[in-house]
Amino acid sequence: CFCKLKGEIDDCSCKVENVDSFNNVKIFPLISSLLEYDYFRYYKVNIFRSCPFGTNSDGKCGSKSCAVDKCKDEHIPPGLKKNHSQNKYSREAQKEHKCDDENELGVIDAHISQKSKDAFQTWKKYDDLVDNFCEPEDEHSEDAVYYDLVRNPERFTGYMGPSAVNVWQLIYDQNCFKPDNEENSAYLPRKQVVVVAELCLEKRVFYRMISGFHTSINVDVTANWLKPATSSWGQPSWGPNVEEFKKRFDPKLTWGEGPQRLKNLYFLYLVELRALSKVAPFLEQEEFYTGKDQDDKEVKKAVHELLKMCKSFPEHFDESKLFQEDKKQLEEFKVHFRNISRIMDCVGCDKCRMWGKIQIRGLGTALKILFSGDSMRPDSTITQNHKKGILPFQLQRGEIVALLNSFGRLSKSIHELEVFRKLMA
Ligand code: FAD
Numbered sequence: 008c009f010c011k012l013k014g015e016i017d018d019c020s021c022k023v024e025n026v027d028s029f030n031n032v033k034i035f036p037l038i039s040s041l042l043e044y045d046y047f048r049y050y051k052v053n054i055f056r057s058c059p060f061g062t063n064s065d066g067k068c069g070s071k072s073c074a075v076d077k078c079k080d081e082h083i084p085p086g087l088k089k090n091h092s093q094n095k096y097s098r099e100a101q102k103e104h105k106c107d108d109e110n111e112l113g114v115i116d117a118h119i120s121q122k123s124k125d126a127f128q129t130w131k132k133y134d135d136l137v138d139n140f141c142e143p144e145d146e147h148s149e150d151a152v153y154y155d156l157v158r159n160p161e162r163f164t165g166y167m168g169p170s171a172v173n174v175w176q177l178i179y180d181q182n183c184f185k186p187d188n189e190e191n192s193a194y195l196p197r198k199q200v201v202v203v204a205e206l207c208l209e210k211r212v213f214y215r216m217i218s219g220f221h222t223s224i225n226v227d228v229t230a231n232w233l234k235p236a237t238s239s240w241g242q243p244s245w246g247p248n249v250e251e252f253k254k255r256f257d258p259k260l261t262w263g264e265g266p267q268r269l270k271n272l273y274f275l276y277l278v279e280l281r282a283l284s285k286v287a288p289f290l291e292q293e294e295f296y297t298g299k300d301q302d303d304k305e306v307k308k309a310v311h312e313l314l315k316m317c318k319s320f321p322e323h324f325d326e327s328k329l330f331q332e333d334k335k336q337l338e339e340f341k342v343h344f345r346n347i348s349r350i351m352d353c354v355g356c357d358k359c360r361m362w363g364k365i366q367i368r369g370l371g372t373a374l375k376i377l378f379s380g381d382s383m384r385p386d387s388t389i390t391q392n393h394k395k396g397i398l399p400f401q402l403q404r405g406e407i408v409a410l411l412n413s414f415g416r417l418s419k420s421i422h423e424l425e426v427f428r429k430l431m432a
């Protein structure tokens, strides 16, 4: 079967088979139960920002399955209502625990002019932005509300046709890199696998991550396809649709590219797995505060278990090979990725948009962990600073929740491939 992938994942020294057994046996059960806890289940986001590329008006999804229900106030855990959006390693949180010396500065602070304070705030905002790979989320806007991710799972919604294709086209055409001498779009005119092979490592990595994200969505959609009710009073149900899966990934129906697209899912999984292992020392100290004592303790324990497992994987993605020759490339990489995070506001189906935003923010957080400051170097400050308990960049609760949920989606997609293999055997 074409979905029984074998061999090395390109640009990683790791085999598909090893990821399959590691994920399906060890990671998937752990992450699935972790994501049911309140800390990871309730996510605040504004899904009604306007599309900066002006293309979302022509394809709003009218289907009931595209809708998402915002969370009722009584369901939101008390600790989250108080807006604990920062984790304790953020600059804000560290400011709250100022040492005496710093309090002394308060006296000096009183003498600093308002103009200097404003300038400081502008720089601080700029500082935070510099590390980010995504357009910042406006969690404080009135339209930002909590959604229950467990009650609004990603699955088939009926969002397809020109609107969906346009969004994917916008992502690949405008924001994935093309070979330097390529004037035409890298999207459809030539086989993507051929085009991608001509790119440098950093650009290939970028393309593989986006294609892996696309694969993950389409595997989930085909694994959770809407099955019509068998009678007029029956409830609809969701389950795997082998024909739709084949249409998207069978090499005979995809210019031979299906298996490579599936491999890109594994590639993206390895990128996020590496980020989780790298940030583990900090997440192990996090309180995961929701105001529900017993829950918070259990979450801490479950996160520890998951991170221990992530760290035990022997063939991690090696981010230190990237951006060695040209540091400007990292900035270019960020600009392209930020554009993709803005394109998520153009998705014409509320549920798809919500999940698209979470997954891209999760991936952006992974990239921030892998490539911020000096953290890419083998003797990285992230390790040195760990001893001092300082994270060299800011991480907000929303970013942690998005990272774990996005990794959870990838883990689930890899698990779902196993289901398709069995069905097609
Ligand atoms: P599409 O998936 O729309 O693909 C368009 C073109 O991209 C293809 O013709 C192919 O050439 C190329 N392509 C396809 N896959 C890859 C890949 N992995 N790598 C590189 N190129 C590729 N639908 C739902 O039902 N539920 C959802 O939750 C959902 N979420 C979405 C989230 C986002 C951000 C977007 C943009 C779309 C979402 N969709 C969702 C729609 C879904 O992804 C498909 O667009 C839709 O099912 C139609 O699929 P398709 O086979 O016609 O081609």
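Just so you know, we're using mature numbering (1 follows the signal peptide of the UniProt record, and there is no 0) here: the sequence shown kicks off at 8 and counts up by one. Built from N, CA and C at the ideal position, the CB exists for glycine as well.
Inter-residue CB distance, residue i and residue j (contact presumed, cutoff 8 Å)
i           : j    : result
E20         : E322 : The residue you asked about is not Glu; residue 20 is Ser in the sequence shown. Right, their Cβ atoms sit about 6 Å apart.
L410        : T372 : 4 Å
residue 433 : F9   : It is not possible to answer for residue 433, since the shown part of the chain is limited to 8 through 432.
D333        : R211 : Not quite, the Cβ-Cβ distance comes to about 15 Å (not below 8 Å), so this is no contact.
L374        : S413 : With 8 Å as the limit, L374 and S413 do not qualify as a contact, their Cβ atoms being about 11 Å apart.
S40         : A309 : 7 Å
L424        : V226 : 7 Å
F184        : L206 : 6 Å
CA-to-CA distance, residue j to residue i, given in whole angstroms
i           : j    : result
G165        : V200 : 28 Å
A236        : S244 : 7 Å
E291        : H311 : 6 Å
A204        : Q181 : 18 Å
K102        : W262 : Because K102 carries a pLDDT of 47, less than 50, the predicted location of this residue cannot be relied on, and no value is offered for it.
Q336        : P288 : 28 Å
N30         : F55  : 34 Å
E326        : R158 : 35 Å
F320        : F427 : 25 Å
K77         : S238 : 30 Å
residue 454 : V278 : Residue 454 is absent from the structure shown; the chain starts at 8 and stops at 432.
Q403        : D80  : 22 Å
P143        : Y214 : 22 Å
Cβ shell of residue i (< 8 Å), same chain only, five flanking positions each side left out
i    : result
E264 : K198, Q199, V200, P258
K13  : K22, V23, E24
C68  : T164, G165, Y166, S170, G355, C356, D357, C359
I347 : I178, N182, I217, I367
K328 : L208
Q242 : A236
S223 : L272, L275, Q366, R416, L417, S420
Simplified DSSP state of residue i, which is helix, strand or coil
i           : result
S329        : Reading the sequence as shown, one finds Leu at residue 329 and not Ser. L329: coil per DSSP, three-state reduction.
Q267        : helix
S218        : helix
residue 460 : Because the chain is modelled from 8 through 432, residue 460 falls outside the range shown and cannot be assessed.
L233        : strand
Q403        : strand
K239        : In the sequence as presented, Lys is not what sits at residue 239; that position holds Ser. Correct three-state label for S239: coil.
R384        : Caution is warranted here: a pLDDT of 45 is assigned to R384, below 50, making its placement in the model unreliable, and no coordinate value can be reported.
G363        : helix
S418        : helix
K299        : coil
S379        : coil
E294        : coil
K51         : strand
S40         : helix
K210        : helix
Heavy atom of ligand 1 within 7 Å of residue i beta-carbon
i    : result
G369 : no
I224 : yes
Q199 : yes
K254 : yes
N271 : yes
D216 : The sequence shown places Met at residue 216, rather than the Asp named in the question. M216: no, Cβ never under 7 Å from ligand 1.
A204 : no
W245 : no
F9   : no
M316 : no
C359 : yes
F163 : yes
G363 : yes
V174 : yes
V152 : no
R268 : yes
Y276 : no
Y166 : yes
A171 : yes
V75  : no
Close Cβ partners of residue i (< 7 Å) along its chain, the five nearest in sequence each way excluded
i    : result
D45  : P84, T297, K299, D302
D145 : N53, A151
G363 : M351, V354
Contact set for residue i: own chain, Cβ-Cβ below 6 Å, skip 5 residues either direction
i    : result
S59  : First, the residue type needs correcting, since residue 59 is Pro and not Ser in the sequence shown. Result list for P59: R349, in chain order.
S379 : D138, F400
P160 : none
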